[in-house]
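Accompanying notes for the structure given below.
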Amino acid sequence: MLEISNLSGKSSRSSLRSFHYVPVDVIKDHRLKLPENLILLDEEGREWSSKVHVWKDGRTWLGWRAFCKWNNLEREDRCLCEFVHEEGRQEIYLKLNILRKGSWLPKGENQTDLGQSS
1 MLEISNLSGK SSRSSLRSFH YVPVDVIKDH RLKLPENLIL LDEEGREWSS KVHVWKDGRT
61 WLGWRAFCKW NNLEREDRCL CEFVHEEGRQ EIYLKLNILR KGSWLPKGEN QTDLGQSS
């Protein structure tokens with residue numbers, strides 16, 4: 001299951017700058033049982049431990065400040081997220097592929113063309 005996400009870690013609400021939102025539909029549709037601590041894995045195979053936060057209303061957030069900082073993520077970068085369960089690993093982990101600013105846009109387009117402001 002894949003999800004392309006913007007960097008909610010850069011949201012305007014200061015309390016959410018360190019967290020990445022996991023859509024409720026993704027959790028329900030794929031019957032995910034997230035552990036209290038989830039491993040984040042980048043393209044280089046580096047791992048970070050992430051605490052899973054579930055709010056009373058069911059919204060789920062992952063701590064990912066260290067991941068963002070280590071990978072120099074910026075506001076216009078995007079992440080391709082995939083929950084993976086491999087043989088040999090006890091629990092699922094989140095594999096993140098970083099799409100740098102502009103690399104995910106069709107040629108000749110920019111943020112203004114897509115109706116997004118900076």
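For the sequence shown, the positions run 1 to 118 when full-length UniProt numbering is used. From the three backbone atoms N, C-alpha and C, an ideal C-beta is built for every residue, glycine too.
Inset, instruction - Pull up the distance between the alpha-carbon of Thr60 and that of Trp48, whole angstroms please. - result: Position 60 of the sequence shown holds residue 60. Position 48 of the sequence shown holds residue 48. Approximately 18 Å, taken between the alpha carbons.
Inset, instruction - Note down the Cα distance separating residue 173 from Arg75, rounded to an integer number of angstroms. - result: Since the first and last residues shown for the chain are 1 and 118, residue 173 lies out of range.
Legend entry - Boundaries (first-last residue) of the beta strand (DSSP E) holding Ile39: Translated into the one-based positions of the sequence shown, residue 39 becomes position 39. Taken as a continuous stretch (DSSP letters only), the beta strand (DSSP E) holding Ile39 covers 37 to 41.
Inset, instruction - Indicate the three-state DSSP secondary structure (helix, strand or coil) for Ile98 in the structure shown. - result: For the purposes of this step, residue 98 is identified with residue 98 of the sequence shown, where counting begins at 1. Reduced to three states, the DSSP call for Ile98 is strand.
Legend entry - Euclidean distance between Cα positions of Asp77 and Gly88: Taking the sequence shown and counting its residues from 1, one reaches residue 77 at position 77. Taking the sequence shown and counting its residues from 1, one reaches residue 88 at position 88. Each residue's Cα considered, the two are about 31 Å apart.
Inset, instruction - With DSSP as the reference, please indicate the residues paired to Val84 in a beta bridge. - result: Working through the sequence shown from its first residue, we reach residue 84 at position 84. DSSP, once it has assigned bridges, lists Tyr93 as partnering Val84.
Inset, instruction - Could you name the residues of the same chain whose beta carbon sits closer than 6 Å to that of Glu91, not counting the 5 residues immediately before and after it, in chain order? - result: Along the sequence shown, read from residue 1 onward, the residue named residue 91 stands at position 91. Same-chain partners within the cutoff: Pro35.
Legend entry - Counterpart residues of Gly63 in DSSP-defined beta bridges: Locating residue 63 in the sequence shown gives position 63, where the first residue counts as 1. For Gly63, DSSP records a beta bridge to Phe19.
Legend entry - Of the listed residues Cys68, Glu82, Gly63, Phe83, nearest to Arg100 (C-alpha basis): The residue labelled residue 100 in the question sits at position 100 within the sequence shown. Here the closest residue by C-alpha is Cys68.
Inset, instruction - Tell me Val52's beta-bridge partners as DSSP assigns them. - result: As a working note, residue 52 is residue 52 in the sequence shown. For Val52, which the question treats as bridged, DSSP gives the partners Leu62.
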